[in-house]
């Protein structure tokens, strides 16, 4: 494959991945406003609640769309040599984790703990930790570039979102309420999720940029 063909393919994959990620954000955002999903409290209830009950299929499709977008973006980055091996592994963990989140439904606490719910919980934790770590590893080799700074910012925001949860768990013995009620868990998870999707969006636009730059340069000659 020629350098030009590589750039064009990278551009197509990066653009597609970023676009699909933005569509996912829009779809989940609309779900907050429309029935039957709007019955869930976005401050207290986790985002996975949208997958439970009527209309849950749409949330599952959105999550799988994000997996496809990530695969496209990582492939584009790999074509350009922009992602380290460790980063690719962690992006893979993110993708597998999201697929498991869809396959295994969250715990229905009105019934009680379940194996499916436990797998869902640990898969989501692995995914939420893997993506920002992969983002930091990818950005580390490109310090000084604007896209790398944004990836770093969104990755740090995502990881920092765990701090209130860790604090609540640590203080659980002295709290008068369970840790998951001591913090706005739904809001924290939504901030975390948005930051992580934005990491994918920024990386997608970066992967698309080389071909765009090349076409701009050619148009000036």
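Numbering (this note's numbering), first residue to last: 2 to 222.
Quick reminder that beta carbons are idealized off the backbone N, C-alpha and C, glycines included.
(message) Does the contact criterion of 3 or more C-beta pairs under 8 Å hold for the segment 14-25 versus the segment 68-79?
(response) Result yes; three or more Cβ-Cβ pairs closer than 8 Å.
(request) State the DSSP-derived secondary structure class of residue 41, mapped to helix, strand or coil. (result) In the three-state reduction of the DSSP assignment, residue 41 falls in the coil class.
(message) Whole angstroms are fine: how far does the CA of residue 175 sit from the CA of residue 101?
(response) Between residue 101 and residue 175, the C-alpha separation is close to 34 Å.
(message) Three or more C-beta pairs under 8 Å: does that hold for the segment 79-88 against the segment 133-141?
(response) A contact between stretches requires three or more CB pairs, one per stretch, nearer than 8 Å, and the segment 79-88 meets this requirement with the segment 133-141.
(message) Taking the straight line between their C-alpha atoms, what separation do you get for residue 144 and residue 152?
(response) Answer to the nearest angstrom: the Cα atoms are 11 Å apart.
(request) Could you check how far apart the C-beta atoms of residue 32 and residue 59 are, in whole angstroms? I think they sit under 8 Å. (result) Here residue 32 really is in contact with residue 59; their C-beta atoms are around 7 Å apart, less than 8 Å.
(message) Alpha carbons only, please: which of 154, 10, 184 is nearest the one belonging to residue 81?
(response) Cα-wise, what sits closest to residue 81 is 10.
(message) Let's test the definition: count the other Cβ atoms within 10 Å of the Cβ of residue 6 and tell me whether it reaches 16, buried, or not, exposed.
(response) With fewer than 16 other Cβ atoms from the protein chains shown falling within 10 Å of its own Cβ, residue 6 counts as exposed.
(request) Alpha carbon to alpha carbon, how far is residue 108 from residue 177? Give it in angstroms, no decimals. (result) A straight-line Cα-Cα distance of about 23 Å links residue 177 and residue 108.
(request) Determine the DSSP secondary structure at residue 93, reduced to helix, strand or coil. (result) If DSSP states are grouped into helix, strand and coil, residue 93 belongs with the helices.
(request) Taking only the alpha-carbon atoms, compute the straight-line gap between residue 57 and residue 8 and give it to the nearest angstrom. (result) For residue 57 and residue 8, the distance between alpha carbons rounds to 38 Å.
(request) Identify every run of the alpha helix (DSSP H) within the segment 53-137, keeping only runs that are complete inside it and at least 4 residues long; order them along the chain. (result) Considered as a whole, the segment 53-137 harbours 57-80, 86-104 as its complete alpha helix (DSSP H) runs of no fewer than 4 residues, in chain order.
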